[in-house]
Amino acid sequence: MSHANVAIEPAFAAHGTHATGVTEERPFAIPSSKLVMWLFIISDACTFGAVLFAYGYIRNSAADWPRVFEAASIWNSLLMTFILVSTSLTVLFAVRAAQAEDRAGAFRWTMITAAGGLLFTFLHIREWLNLIHEGARLFTNPWGAPMFGAAFFSITGLHMLHVVGGVVALTVVALSYRAGRYAARHIEIWALYWHFVDLVWMFVVPLVYLLNMKR
Amino acid sequence: MSQTAKTNGMGSTYFVYGAILLIAVVQVIVAMTMGPSLWRMLPLAVIQAYLAVMFFMHLRDEKPALRLALIPGTLFVLVMLNMIWADSFRLAVMKPFAK
Chain A
10 MSHANVAIEP AFAAHGTHAT GVTEERPFAI PSSKLVMWLF IISDACTFGA
60 VLFAYGYIRN SAADWPRVFE AASIWNSLLM TFILVSTSLT VLFAVRAAQA
110 EDRAGAFRWT MITAAGGLLF TFLHIREWLN LIHEGARLFT NPWGAPMFGA
160 AFFSITGLHM LHVVGGVVAL TVVALSYRAG RYAARHIEIW ALYWHFVDLV
210 WMFVVPLVYL LNMKR
Chain B
-8 MSQTAKTNGM GSTYFVYGAI LLIAVVQVIV AMTMGPSLWR MLPLAVIQAY
42 LAVMFFMHLR DEKPALRLAL IPGTLFVLVM LNMIWADSFR LAVMKPFAK
């Protein structure tokens, strides 16, 4: 067996397992866990793609699709974009700190990222409550096509669910990394997920908010 | 060593961060001044996505085989999802059922 084809996991070597510390070749030269996260990301991208295409289909086939977002909602969405993109930056700081084995720094930046996610969720829920207060429901609204609410709340709700899930995951990983139970690669893997959540928002804003801007 | 550890400095990261935010502002300004149009919004969003995937997610630093494994298949599925548009136009402007 060529030595170029095997990878030695330090953990296995340290604990002296029956497998003599030799594991299978890493796919694409990345840990299997990272590949799994990438595969999850592309499957989730297809899910969001399907939801956004369904929204486009419903919008395209409706004669009176309402355009309800006023300037305040648009600027709020821009603020939310700023917060989410900034959390992508802070999670990169966390990854960098983790790779430098600065556990305190990695924990701090990961928790700042999670806090940003919570702030984003708060702003989003506030947006939801404003629309609900104006009469928007899942299948009725005072403005036009009845499916507007279902489309808006399902797309943004699915995204918000991913944000909240990411906040929980980042918190767990940060605490476990600080306690020494997780390695730097775990921070890196969940940073990938967090970037994906940001990526989806980059499509939600123009397709859902900007296209439905009030004339 | 992970791929991300191989990147030196954060200069490109800050540049991409600023670029993504700038594109977001441009999207809003274009929508407010020229009117919202899918064909103005979508290319800008694709550019943002490219920057995020390549630089934030560091796919640029991974092996080409990984990029080849992930990107074309995903794009293929997303393109195939486009088959529905003819039906939506039919519902919007044509009779639902041919007599």
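Residue numbers (my numbering), protein chains in the order written: chain A, 10 to 224; chain B, -8 to 90. Just so you know, even glycine gets a beta-carbon here, dropped at the ideal spot from N, CA and C. Quick caveat, the model's predicted, so the values are computed rather than measured.
{"Asked": "Top-ranked residue by Cα proximity to A/L140, from A/G125, A/F157, A/L128", "Found": "A/F157"}
{"Asked": "Anticipated Cβ contact below 8 Å, A/L201 with A/I92, distance rounded", "Found": "Actually they do not touch by this definition, with Cβ atoms about 19 Å apart."}
{"Asked": "Selection of the segment 62 to 77 of chain A by Cβ proximity to chain B, strictly under 9 Å", "Found": "F62, A63, G65, Y66, I67, R68, N69, S70, A71, A72, R76"}
{"Asked": "Collapsed DSSP secondary structure at B/M48 in the structure displayed", "Found": "coil"}
{"Asked": "Close-in-space but distant-in-sequence residues of the same chain around A/P151 (CB under 6 Å, 5 per side omitted)", "Found": "G144"}
{"Asked": "9 Å Cβ cutoff, A/S163 in contact with chain B", "Found": "no"}
{"Asked": "Classification of A/H142 by the beta-carbon crowding that lies within 10 angstroms, buried from 16 upward", "Found": "exposed"}
{"Asked": "Any 3 or more C-beta pairs closer than 8 Å across the segment 52 to 63 of chain A and the segment 63 to 72 of chain B", "Found": "yes"}
{"Asked": "Cα-Cα separation, A/F148 to A/I198", "Found": "38 Å"}
{"Asked": "Whole-angstrom distance between B/A77 and A/I196, CA atom to CA atom", "Found": "44 Å"}
{"Asked": "Proximity test, Cβ basis, 9 Å: B/F80 and chain A", "Found": "yes"}
{"Asked": "9 Å Cβ cutoff, A/A160 in contact with chain B", "Found": "no"}
{"Asked": "Per-residue burial, B/Y11 [other beta carbons within 10 Å of its own, 16 or more giving buried]", "Found": "The identity of residue 11 of chain B in the sequence shown is Ile, whereas the question assumes Tyr. Classification for B/I11: buried."}
{"Asked": "Residue from B/L61, B/R58, B/A40, B/G2 whose Cα sits closest to the Cα of B/A15", "Found": "B/A40"}
{"Asked": "Minimum Cβ-Cβ distance from B/F6 to chain A less than 9 Å", "Found": "no"}
{"Asked": "Check whether A/A115 and A/R187 have beta carbons under 9 Å apart", "Found": "yes"}
{"Asked": "Those runs of the alpha helix (DSSP H) which lie wholly inside the segment 35 to 83 of chain B and span at least 4 residues", "Found": "55 to 71"}
{"Asked": "8 Å Cβ cut-off: residues of chain A touching B/I20", "Found": "By Cβ distance, chain A contributes nothing, its closest Cβ being about 10 Å from B/I20, past 8 Å."}
{"Asked": "C-alpha gap between A/S70 and B/R81, whole angstroms", "Found": "8 Å"}
{"Asked": "A/Y218 versus A/G65, A/R194, A/A178, A/S52, residue with shortest Cα-Cα distance", "Found": "A/G65"}
{"Asked": "Residue nearest to A/S95 in terms of C-alpha spacing, selected from A/A107, A/G126, A/V213", "Found": "A/G126"}
{"Asked": "Test item: CB-CB of A/W118 and A/T99 under 9 Å", "Found": "yes"}
{"Asked": "Residue-level contact to chain A via CB, B/V16, 9 Å cutoff", "Found": "yes"}
{"Asked": "Inter-residue CB distance, A/L132 and A/M89 (contact presumed, cutoff 8 Å)", "Found": "5 Å"}
{"Asked": "Any chain A beta carbon closer than 9 Å to B/G64", "Found": "yes"}
{"Asked": "Cβ neighbours of A/M46 in the same chain (closer than 7 Å, five flanking residues each side left out)", "Found": "I198, L201, Y202"}
{"Asked": "Separation of A/T130 from A/V173, as counted between CA atoms", "Found": "7 Å"}
{"Asked": "Coarse secondary structure for A/M156, derived from DSSP in three states", "Found": "coil"}
{"Asked": "B/M25 at chain A interface by Cβ criterion, 9 Å", "Found": "no"}
{"Asked": "Spatial neighbours of B/L57 in its chain, beta-carbon cut-off 8 Å, leaving aside the 5 residues before and after", "Found": "L50"}
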